[in-house]
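Asker: For reference, the structure I am asking about is given below.
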Amino acid sequence: MANSSDTIPQFRKSGGGDGQSVSLTNLSAFSGGIGVKSMAEVLAILAVAVVIVGGVEASLRLFEVPHYIMPPPSAIFRALVTEFPLIAPHLGHTLVELFAGFAIGASVGLVLAAVVTQFPFAEKVIAPYILLLVTTPMLALVPLLILRFGFGYEPRIIAVALASGPMVMINSATGFRRVDSAKIALARSYGASTLQIFWKIRAPMALPMILVGLMIGAIFGLLTAVGAEMVGGGFGLGNRLTTYSSMIQMPQFFAVVLILSILGILIYTTFFLIGKKWASWET
Amino acid sequence: MNAVDGTTPKLVVQDATKVYATASGDLKALDRCSLHVNANEIVSIVGPSGCGKTTLLWSMSGLHGLTSGQVTLDGRRIDGPHPDIGIVFQEANLLPWRDLDANIRFPFEIKGQKPDRAWIDHLLHRVGLDGFGGKFPRELSGGMQQRAAIVRALSLKPQVLLMDEPFGALDTFTREDMNRLVEEIWLDSPTTIVFITHSIEEAIFLSDRVVVLSGRPGRVASVYPVPFARPRSLEIMATKEVFDLTNAIKMEIVGKRTSLKSAPAEPERVD
Numbered sequence: 000m001a002n003s004s005d006t007i008p009q010f011r012k013s014g015g016g017d018g019q020s021v022s023l024t025n026l027s028a029f030s031g032g033i034g035v036k037s038m039a040e041v042l043a044i045l046a047v048a049v050v051i052v053g054g055v056e057a058s059l060r061l062f063e064v065p066h067y068i069m070p071p072p073s074a075i076f077r078a079l080v081t082e083f084p085l086i087a088p089h090l091g092h093t094l095v096e097l098f099a100g101f102a103i104g105a106s107v108g109l110v111l112a113a114v115v116t117q118f119p120f121a122e123k124v125i126a127p128y129i130l131l132l133v134t135t136p137m138l139a140l141v142p143l144l145i146l147r148f149g150f151g152y153e154p155r156i157i158a159v160a161l162a163s164g165p166m167v168m169i170n171s172a173t174g175f176r177r178v179d180s181a182k183i184a185l186a187r188s189y190g191a192s193t194l195q196i197f198w199k200i201r202a203p204m205a206l207p208m209i210l211v212g213l214m215i216g217a218i219f220g221l222l223t224a225v226g227a228e229m230v231g232g233g234f235g236l237g238n239r240l241t242t243y244s245s246m247i248q249m250p251q252f253f254a255v256v257l258i259l260s261i262l263g264i265l266i267y268t269t270f271f272l273i274g275k276k277w278a279s280w281e282t
Numbered sequence: 000m001n002a003v004d005g006t007t008p009k010l011v012v013q014d015a016t017k018v019y020a021t022a023s024g025d026l027k028a029l030d031r032c033s034l035h036v037n038a039n040e041i042v043s044i045v046g047p048s049g050c051g052k053t054t055l056l057w058s059m060s061g062l063h064g065l066t067s068g069q070v071t072l073d074g075r076r077i078d079g080p081h082p083d084i085g086i087v088f089q090e091a092n093l094l095p096w097r098d099l100d101a102n103i104r105f106p107f108e109i110k111g112q113k114p115d116r117a118w119i120d121h122l123l124h125r126v127g128l129d130g131f132g133g134k135f136p137r138e139l140s141g142g143m144q145q146r147a148a149i150v151r152a153l154s155l156k157p158q159v160l161l162m163d164e165p166f167g168a169l170d171t172f173t174r175e176d177m178n179r180l181v182e183e184i185w186l187d188s189p190t191t192i193v194f195i196t197h198s199i200e201e202a203i204f205l206s207d208r209v210v211v212l213s214g215r216p217g218r219v220a221s222v223y224p225v226p227f228a229r230p231r232s233l234e235i236m237a238t239k240e241v242f243d244l245t246n247a248i249k250m251e252i253v254g255k256r257t258s259l260k261s262a263p264a265e266p267e268r269v270d
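These protein sequence lines map, in sequence, to chains B and H.
The first sequence: position 223 = 222 (numbering that gives the first Met the number 0), numbered continuously.
The second sequence: position 231 = 230 (numbering that gives the first Met the number 0), numbered continuously.
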């Protein structure tokens, strides 16, 4: 005799005690990442950088460590400047793979998350397979993909999509699952349709988690792109890493590593700033 | 027809019964609950925690279907959200990603209507929120958030305002301010209000009648008329009549609570 469609009205306890308040700006690993800093903090960070880089430079010179073991920072910077014209096309290739693979993977992941969370049964069925995709390193598939698709962009783009998609999907799904029955009731009390509830309540509520998913997905995509390039094919930053290390050109090798770090930081910063602009309401 | 004063009730709840399906079996929240609210009357519903107050209000608003029984507005049965019914939820229930203006625009967006700017500005001024349109909910105090929620509910000029423990999360002083604000708004432009609360003082201050629900499943235990003149000043609220009425209601609710002691533990909080 029970009305199965209705659930007991419950309200979010004040203080976000639902344990689901997550966003780019309050994940502990990111807090204080690139937030507003005082002059003193900026100076302190720069001072630490100077001390570390200077210390490494000085000790490498003092103990006369050979360049093929560890080049000093000055040599790495010099290599970065002089070799950049040669590295730039490879950077371009890596970016193409990253953008194409991420665009495909993230779109599929996002749409899948939005659709699947509307159907709890479908979600339960799909969940183990998504988990499998998340936990299996997609790099393992690259040799197979190369056999099938050759040494061009295709296997790498597929690998990037396979690596980033499930990350986007699993985090976005967490976001879409955050149901606040009071907010949905509010929308329904004005006669909102299912589609309106999705766009005006569920999507904005999910946004912070979607951004977390996009960021992790993009970082995993970069990782996979570089890894796939190391496995095979004659171009890309990963290919440069294997080439330079096999020729024991360590300054150039570290210059590429530096470029990869900068790429990673750019990815993080981009999503951090998007989150700050569009999802800061949660913190 | 209402036997007491010959007017037709605005809102009628007839034999409302509501059973929820839960993991631990069916849960009866309301059991043949009947009450009526006259036009421009303020009726409060009080009762022990978990007695089905919120379930009753959600059913009145059409957000919930009833297992049996019905709710009628002006004689017409309510089976879904109704444009003439406004709701003020617990804890303001503002959308945190929207600033105050956008929150108040929200109902109009859903309905595809143009907001009545002049009326909204009047309401914002009325509750003392002019100039706060660009603020986000987290930048506002609990009282301000709830005032914004009241503006949002009134912006559509509902004929009936259902208020679900709107001030339960506020401190006593803010709560008293909010009570006076509701009274002022009602004196300005009388409307039909159903007010759910834990606070008997609040219920008596605001209401024409106080409905006491018994514990789970919710049933109307008794109805107390509140005959005091409005506006209800501190002096009126300090009279012996008010004190006696407060105590009578308190005794009844406490009496129901103690009699419930032998009942099995409640699986979940529903109020």
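Just so you know, even glycine gets a beta-carbon here, dropped at the ideal spot from N, CA and C.
At which residues does the alpha helix (DSSP H) containing Leu-111/B begin and terminate?
Answerer: For the purposes of this step, residue 111/B is taken as residue 112 along the first sequence, with counting starting at 1. Counting along the chain, the alpha helix (DSSP H) containing Leu-111/B begins and ends at 72-115.
Asker: Does any CB atom of chain H fall closer than 8 Å to the CB of Asn-25/B?
Answerer: For this step, residue 25/B is matched to residue 26 along the first sequence. Note that Asn-25/B scores 49 on pLDDT, short of 50, meaning its location in the model is unreliable and no value can be drawn from it.
Asker: Which of the three DSSP states, helix, strand or coil, is assigned to Ser-33/H?
Answerer: Mapped onto the second sequence, residue 33/H falls at position 34. In the structure shown, Ser-33/H sits in a strand (DSSP, three-state: E or B).
Asker: Please confirm whether Ala-158/B and Val-141/B have their CB atoms less than 8 Å apart.
Answerer: The residue you call residue 158/B lines up with position 159 of the first sequence. The residue you call residue 141/B lines up with position 142 of the first sequence. Yes.
Asker: Give a yes or no on whether 8 Å exceeds the smallest Cβ distance from Gln-195/B to chain H.
Answerer: Stepping through the first sequence from its first residue, residue 195/B is reached at position 196. Yes, Gln-195/B lies at the interface with chain H (some Cβ there is under 8 Å from its Cβ).
Asker: What is the DSSP secondary structure of Pro-224/H, reduced to helix, strand or coil?
Answerer: Numbered from its first residue, the second sequence carries residue 224/H at position 225. Strand at Pro-224/H.
Asker: Can you check whether the C-beta of Arg-187/B is within less than 8 Å of a C-beta belonging to chain H?
Answerer: One-based indexing of the first sequence puts residue 187/B at position 188. So, interface residue.
Asker: Could you tell me whether the Cβ atoms of Gln-145/H and Thr-190/H are closer together than 8 Å?
Answerer: Position 146 of the second sequence holds residue 145/H. Position 191 of the second sequence holds residue 190/H. In this structure, Thr-190/H does not lie closer than 8 Å to Gln-145/H by Cβ.
Asker: Taking the alpha-carbon positions, what's the Ser-30/B to Lys-275/B distance?
Answerer: The residue given as residue 30/B occupies position 31 in the first sequence. The residue given as residue 275/B occupies position 276 in the first sequence. Low local confidence applies: a pLDDT of 45 at Ser-30/B is under 50, so the model's placement there is unreliable, with the coordinate-based value given in what follows. Looking at the two C-alpha atoms, the distance is approximately 12 Å.
Asker: Determine whether the beta carbon atoms of Leu-221/B and Ile-273/B lie at a separation below 8 Å.
Answerer: The sequence position of residue 221/B within the first sequence is 222, counting from 1. The sequence position of residue 273/B within the first sequence is 274, counting from 1. No; because the gap between Cβ atoms is not below 8 Å, this pair is not in contact.
Asker: Would you tell me roughly how many angstroms separate the C-alpha atoms of Val-225/B and Pro-250/B, rounded to the nearest one?
Answerer: Walking along the first sequence from the start, residue 225/B turns up at place 226. Walking along the first sequence from the start, residue 250/B turns up at place 251. Cα-Cα distance, rounded: 19 Å.
Asker: Do Ala-148/H and Leu-93/H have their C-beta atoms closer together than 8 Å?
Answerer: To locate residue 148/H, count along the second sequence from 1; it is residue 149. To locate residue 93/H, count along the second sequence from 1; it is residue 94. Yes, they are a contact pair.
Asker: In chain order, what residues of the segment 134-163 of chain H put their CB closer than 7 Å to some CB of chain B?
Answerer: Those residues of the segment 134-163 of chain H that come within reach of chain B (Cβ to Cβ, closer than 7 Å) are Phe-135, Arg-137.
Asker: Would you give the residue range spanned by the alpha helix (DSSP H) that Asp-176/H belongs to?
Answerer: Here residue 176/H refers to the residue found at position 177 of the second sequence. Unbroken alpha helix (DSSP H) run through Asp-176/H: 171-187.
Asker: If we require 4 or more residues per run, which alpha helix (DSSP H) segments fall completely within the segment 63-148 of chain H?
Answerer: You should have 99-110, 116-125.
Asker: Using DSSP with H/G/I as helix, E/B as strand and the rest coil, what is Gln-248/B?
Answerer: Here residue 248/B corresponds to residue number 249 of the first sequence, with the count starting at 1. Note: Gln-248/B maps to coil in three-state DSSP.
Asker: For Gly-64/H, would you say it is in contact with chain B, using Cβ-to-Cβ distances shorter than 8 Å as the test?
Answerer: As a position in the second sequence, residue 64/H is number 65, starting the count at 1. Yes, contact with chain B.
Asker: So what's Ala-28/B in DSSP terms, helix, strand or just coil?
Answerer: The residue you call residue 28/B lines up with position 29 of the first sequence. Residue placement at Ala-28/B cannot be trusted, given a pLDDT of 43 that sits under 50; the coordinates are not used to answer.
Asker: State the CB to CB distance for the pair Leu-139/H and Phe-131/H, rounded to an integer number of angstroms; the pair is presumed to be in contact (CB under 8 Å).
Answerer: Reading the second sequence from its first residue, position 140 is the one you call residue 139/H. Reading the second sequence from its first residue, position 132 is the one you call residue 131/H. Confirmed, about 7 Å.
Asker: Check this for me: beta carbons of Ile-41/H and Ser-206/H, under 8 Å apart or not?
Answerer: As a first step, residue 41/H must be located in the second sequence, where it is residue number 42. As a first step, residue 206/H must be located in the second sequence, where it is residue number 207. Going by C-beta atoms, Ile-41/H is nearer than 8 Å to Ser-206/H.
Asker: List the whole-angstrom C-beta distance separating Gly-108/B from Ser-171/B, where the pair is believed to meet the contact cut-off of C-beta under 8 Å.
Answerer: The sequence position of residue 108/B within the first sequence is 109, counting from 1. The sequence position of residue 171/B within the first sequence is 172, counting from 1. Correct: roughly 7 Å between the Cβ atoms.
Asker: Could you pull out every unbroken alpha helix (DSSP H) segment of at least 4 residues lying fully inside the segment 196-239 of chain B, listed in chain order?
Answerer: Segments of the alpha helix (DSSP H) lying fully in the segment 196-239 of chain B: 202-230.
Asker: Could you name the residues of chain B that Trp-118/H contacts, counting a contact when the two beta carbons are closer than 9 Å?
Answerer: Locating residue 118/H in the second sequence gives position 119, where the first residue counts as 1. Near Trp-118/H there are no residues of chain B at all, since even the closest Cβ is about 16 Å away, more than 9 Å.
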